[in-house]
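Following: one structure in structure tokens, then a few remarks.
There are 2 protein chains.
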Amino acid sequence: MPNLSVTAPNEGKAGLIPAKTEPENLECPLGLVTTWLVPNELFYIRNHFPYPQIDMATWSLSIGGQCQRPVAFHYDELLKMPRVTKNVTFECAGNKRSFLTPPAAGEQYGIGAVGNAKWTGVPLSYLLDLTQIDAGVQEIIFTGSDSGQRPDMPGEFNYQRSLPFQKELLAECLLAYEMNDEPLPFKHGAPVRLIVPGWYGMANVKWLTGITASATPFEGPFQAVDYLYLQREDDYQQAVPVTEMKVNSVITWPSRGEVLKPGTYVLRGLAWTGKGMITKVSVSTDDGMNWTDAILASPEHQQFTWTFWEYTWTISSPGHYSLMVKAEDSLGNQQPRVSAWNVKGYGNNMMHQVPAFVPGTPMVH
Amino acid sequence: MPNLSVTAPNEGKAGLIPAKTEPENLECPLGLVTTWLVPNELFYIRNHFPYPQIDMATWSLSIGGQCQRPVAFHYDELLKMPRVTKNVTFECAGNKRSFLTPPAAGEQYGIGAVGNAKWTGVPLSYLLDLTQIDAGVQEIIFTGSDSGQRPDMPGEFNYQRSLPFQKELLAECLLAYEMNDEPLPFKHGAPVRLIVPGWYGMANVKWLTGITASATPFEGPFQAVDYLYLQREDDYQQAVPVTEMKVNSVITWPSRGEVLKPGTYVLRGLAWTGKGMITKVSVSTDDGMNWTDAILASPEHQQFTWTFWEYTWTISSPGHYSLMVKAEDSLGNQQPRVSAWNVKGYGNNMMHQVPAFVPGTPMVH
């Protein structure tokens, strides 16, 4: 028997965290993320339907609708087009849903349905320009290969989302075929995935197969039923669409319930926002009574990406501590202490709170 | 590019769930457990200290203390001794701690710090008999190779626990060197781990290196400070030791927050207890107002092991449902609706509750 160590094969290992098993919905264990770009195998995975079947011998991406020149391209053709690389953080609109009271329907994500990666692909505008889109087009519809049934209406649906036909927004987007310098993993949407910087993750349609210019608003269920901030069930008249990410932050160390001795520690975490830049992260160790600025500690500080933060905490006495974090962005957005509840539990950017415990020496006898 | 599918290499995968990263504390994603014996790589992992270094060239198990013939054995010698195989479920005493209000110190486990496996090794009684234990011995102390500092007192400690010197209890125990017919994985305590059927997991000392008969009660900190039901901090005079598992049960399907359409479903879960046998599992779909018996659905129904349960649920109308489960055992033990809070958050066997949602057809227009 050789010497024993943690490098032994077949040992249990930490992995992605199932929020739901069918279809697969896996949250990232953020406490294990030590690099600014999340390794592909630790990036969160959110599916609406079972994984699709994709035959690369016949696969193509069609771009058409209200335009002068509908086009279609094979994968190899896309690779030969102009390419762009962007670091983009995105977060599932349902991240932090498990902290809502009462519970809202949907996967009960903790803090880990968020990630930052380097995406490489074709600029969306390059492809749209080829098609010569008609005047009067209002939206661009993106169709994924994934399909299935919904719990709330009969029929079979592909996952489809639209974006408004706004030049600045579309100019930011790309059709990614690489993730962190590797071919885009299948579970993240290979062969090609839309990336919409600054928006919640539902915009980033995976397994893209069609792009359609439309003169009318798209009303598919993932646009007109899901991904709306609903105050009451069926109050769709008042509903506001989920679009850009709200400013948000989390504590990644210590873990919830950590037991520490008096001493000096570096609290760590992440902060991100939609369109702006993170300008300030503040930490409280007394349940939000007093706040101190944290250090923004990322190797790179760019629009559309998250930032690490660090805060040096000296504990001088035993007690129960409530650690909290909040972030602000360059557009003046701040996080609320308690999120505004909504029926489908989207966009919960309430401050993250982590209890920590510093015991005294036990007086056993 | 070949056809794309979920079998692609390097894809993100579900794994054990980190409750704490250092030392490694990993919970089982119970929703992914489909076999009565949990595969080794999915069995939960609870560490008090960093993983130890074990050199098998010099490793031996010493058995001594208050006895006539202290002995020591190499690994190969243990393998040649009489062997016994037992299926044993055990649960971390801190399982379900995250459901306590207010939070209790320690890893915030959900429902997954529990597992069932087939353990093979040397009967503990066989080894104790070899040593001819003295009259007057009160306890047997088990020493693990794992060691480190504690947050609440100075010094370096090995993980050590004792058992009362009671013949029937010790006769159930084994020193396991196999888990599910494979050599015991290092992370589960190789070369040898104590298994105490019916007790919470803290009794199952890993990386065992010494067994010591003692004429006085053991007062190491994992016996006399931790693993006590404490009603108030430092009220150690009134503290009750954590020993046998309480009756407990969980829902493993549906996941929390699941969105379903009207129809018929099979709810699934697990139930277990300490000394007795699970005799009844009941399910409520209306937040505990009405209860119906579930079917005990395990391939084997044995003392010291968990049982699968199933419950067929027909949903006829949309709504918000609160699914709950409770179990009873042959000793008359039942689960409480709300657990009795204790300082260190042990033994929480409160009923597991899972919200589920059945939407109506949305009236979008």
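Chains A and B are the protein sequences, given in the same order. The first sequence begins at 1 in full-length UniProt numbering and counts up one residue at a time. The second sequence begins at 1 in full-length UniProt numbering and counts up one residue at a time. The beta carbon of each residue, even a glycine, is placed where N, CA and C say it ideally should be. It should be emphasised that the depicted structure is a prediction, and the values quoted were computed from it without experimental measurement.
Beta-carbon proximity list for threonine 305 of chain A, same chain, < 6 Å, skipping 5 on both sides: If you number the first sequence from 1, residue 305 of chain A lands on position 305. These residues qualify, in order along the chain: Asn87, Thr89 and Asn116.
Serine 145 of chain B and isoleucine 54 of chain B closer than 7 Å at C-beta: Here residue 145 of chain B refers to the residue found at position 145 of the second sequence. Here residue 54 of chain B refers to the residue found at position 54 of the second sequence. The criterion of a C-beta distance shorter than 7 Å is satisfied by serine 145 of chain B and isoleucine 54 of chain B.
Within-7 Å CB hit, glutamine 108 of chain A to chain B: In the first sequence, the residue the question calls residue 108 of chain A occupies position 108. So, interface residue.
DSSP bridge partner residues for glutamate 178 of chain A (one or two, in chain order): Here residue 178 of chain A refers to the residue found at position 178 when the first sequence is read from its first residue. Paired residue(s): A:Thr120 and A:Pro183.
Three CB pairs or more closer than 8 Å across the segment 148-163 of chain A and the segment 201-217 of chain A: Output reads yes: the segment 201-217 of chain A touches the segment 148-163 of chain A.
Residue-level contact to chain B via CB, phenylalanine 186 of chain A, 7 Å cutoff: Indexing the first sequence from 1 puts residue 186 of chain A at position 186. Yes - at least one Cβ of chain B is within 7 Å of the one on phenylalanine 186 of chain A.
7 Å Cβ cutoff, valine 225 of chain A in contact with chain B: Position 225 of the first sequence, counting from 1, holds the residue named residue 225 of chain A. True, the Cβ-Cβ gap to chain B drops below 7 Å.
Under the three-state DSSP convention, the category asparagine 25 of chain B falls into: On the second sequence, position 25 is the one that residue 25 of chain B refers to. Taken through DSSP and simplified to helix, strand or coil, asparagine 25 of chain B comes out as strand.
Which listed residue (A:Gly110, A:Thr21 and A:Leu128) has its alpha carbon closest to that of valine 71 of chain A: Indexing the first sequence from 1 puts residue 71 of chain A at position 71. Cα-wise, what sits closest to valine 71 of chain A is A:Leu128.
Pairwise C-alpha distance: serine 62 of chain B and phenylalanine 186 of chain A: Stepping through the first sequence from its first residue, residue 186 of chain A is reached at position 186. Stepping through the second sequence from its first residue, residue 62 of chain B is reached at position 62. The alpha-carbon atoms of phenylalanine 186 of chain A and serine 62 of chain B are separated by roughly 52 Å.
Interface partners of tyrosine 51 of chain B on chain A, CB under 7 Å: Against the second sequence, residue 51 of chain B aligns to sequence position 51. The contacting residues are Val6.
Run of the beta strand (DSSP E) containing tyrosine 200 of chain A, from where it starts to where it stops: Here the question's residue 200 of chain A lines up with position 200 in the first sequence. Secondary structure note for tyrosine 200 of chain A: it is in no beta strand (DSSP E), with a DSSP letter that is neither H nor E.
Cβ-based burial, isoleucine 133 of chain B [other Cβ within 10 Å; buried from 16]: One-based indexing of the second sequence puts residue 133 of chain B at position 133. Within 10 angstroms of the beta-carbon of isoleucine 133 of chain B lie 16 or more other beta-carbons, which makes it buried.
Cβ-Cβ distance between threonine 21 of chain B and glycine 31 of chain A below 7 Å: Here the question's residue 21 of chain B lines up with position 21 in the second sequence. Here the question's residue 31 of chain A lines up with position 31 in the first sequence. Result yes, Cβ atoms of threonine 21 of chain B and glycine 31 of chain A sit closer than 7 Å.
Cβ-based burial, valine 250 of chain B [other Cβ within 10 Å; buried from 16]: Residue numbering aside, residue 250 of chain B sits at position 250 when the second sequence is read from its first letter. It is buried - the Cβ of valine 250 of chain B has at least 16 other Cβ atoms within 10 Å.
Beta-bridge partners of lysine 326 of chain A, as assigned by DSSP: Locating residue 326 of chain A in the first sequence gives position 326, where the first residue counts as 1. Checking the DSSP bridge columns, you'll see lysine 326 of chain A partnered with A:Ser282.
Beta-carbon proximity check, alanine 356 of chain B vs glutamate 244 of chain B, cutoff 7 Å: Translated into the one-based positions of the second sequence, residue 356 of chain B becomes position 356. Translated into the one-based positions of the second sequence, residue 244 of chain B becomes position 244. One thing to note: alanine 356 of chain B has its Cβ no nearer than 7 Å to the Cβ of glutamate 244 of chain B.
Reduced DSSP category for arginine 268 of chain A - H, G, I as helix; E, B as strand; rest coil: Counting from one through the first sequence, the residue named residue 268 of chain A turns up at place 268. Residue state for arginine 268 of chain A is assigned as strand, using DSSP reduced to three classes.
Of the residues A:Lys206, A:Val196 and A:Met153, the one placed nearest lysine 167 of chain A, counting alpha carbons only: What you label residue 167 of chain A is simply residue 167 of the first sequence in a count that begins at 1. Taking only the C-alpha atoms, the option nearest lysine 167 of chain A is A:Val196.
Coarse secondary structure for glutamate 300 of chain B, derived from DSSP in three states: Against the second sequence, residue 300 of chain B aligns to sequence position 300. Correct three-state label for glutamate 300 of chain B: coil.
C-beta neighbour in chain B for aspartate 146 of chain A, strict 7 Å: The count along the first sequence starts at 1 and reaches residue 146 of chain A at position 146. Not a single CB atom of chain B sits nearer than 7 Å to the CB of aspartate 146 of chain A.
Rounded straight-line distance, which links the Cα of asparagine 3 of chain B to that of tryptophan 291 of chain A: The residue labelled residue 291 of chain A in the question sits at position 291 within the first sequence. The residue labelled residue 3 of chain B in the question sits at position 3 within the second sequence. If I take the Cα positions, the gap works out to 53 Å.
Any C-beta of chain A under 7 Å from that of lysine 20 of chain B: Residue 20 of chain B sits at position 20 when you count from the first residue of the second sequence. Answer yes: the Cβ-Cβ gap between lysine 20 of chain B and chain A drops below 7 Å somewhere.
Beta carbon of valine 358 of chain A nearer than 7 Å to that of leucine 267 of chain A: Taking the first residue of the first sequence as position 1, residue 358 of chain A is located at position 358. Taking the first residue of the first sequence as position 1, residue 267 of chain A is located at position 267. No.
Proline 221 of chain A - DSSP class collapsed to helix/strand/coil: In the first sequence, counting from the first residue as 1, residue 221 of chain A sits at position 221. Helix.
Classification of aspartate 293 of chain A by the beta-carbon crowding that lies within 10 angstroms, buried from 16 upward: Your numbering for residue 293 of chain A matches position 293 in the first sequence. Under this definition aspartate 293 of chain A is an exposed residue.
From B:Trp59, B:Lys206 and B:Ser284, residue whose alpha carbon lies closest to that of alanine 327 of chain B: Within the second sequence, the letter at position 327 stands for residue 327 of chain B. Per the Cα distances, B:Ser284.
C-beta neighbour in chain B for isoleucine 111 of chain A, strict 7 Å: Counting from one through the first sequence, the residue named residue 111 of chain A turns up at place 111. For isoleucine 111 of chain A, the answer is no, since every Cβ of chain B falls outside 7 Å of its Cβ.
Residues sharing a beta bridge with glutamine 160 of chain A, DSSP: By one-based count along the first sequence, residue 160 of chain A stands at place 160. A:Thr143.
6 Å CB neighbourhood of glutamate 233 of chain A in its chain, flanking five on each side removed: Looking up residue 233 of chain A in the first sequence gives position 233. Val343, listed in sequence order.
Local conformation of leucine 208 of chain A per DSSP, three classes: For the purposes of this step, residue 208 of chain A is identified with residue 208 of the first sequence, where counting begins at 1. In this structure, leucine 208 of chain A counts as strand in the three-state DSSP scheme.
Cutoff 7 Å: serine 282 of chain A Cβ touching any chain B Cβ: Along the first sequence, one-based indexing puts residue 282 of chain A at 282. So, not an interface residue.
Minimum C-alpha distance to proline 221 of chain B - residue among A:Asn180, A:Thr101 and A:Thr361: One-based indexing of the second sequence puts residue 221 of chain B at position 221. Ranking the options by Cα distance to proline 221 of chain B, first place goes to A:Thr361.
CB contact below 7 Å: arginine 256 of chain B versus chain A: Here residue 256 of chain B refers to the residue found at position 256 when the second sequence is read from its first residue. It does; some Cβ of chain A falls within 7 Å.
Neighbourhood of serine 125 of chain B by C-beta distance below 7 Å, restricted to the same chain and skipping five residues each side: Sequence index remark: in the second sequence, residue 125 of chain B carries index 125 (1-based). Excluding residues up to 5 positions away in sequence, Leu170 and Ala171 lie with their Cβ nearer than 7 Å to the Cβ of serine 125 of chain B in the same chain.
Under 7 Å between C-beta atoms of asparagine 349 of chain B and methionine 179 of chain B: Taking the first residue of the second sequence as 1, we reach residue 349 of chain B at position 349. Taking the first residue of the second sequence as 1, we reach residue 179 of chain B at position 179. No, the Cβ-Cβ distance between asparagine 349 of chain B and methionine 179 of chain B is not below 7 Å.
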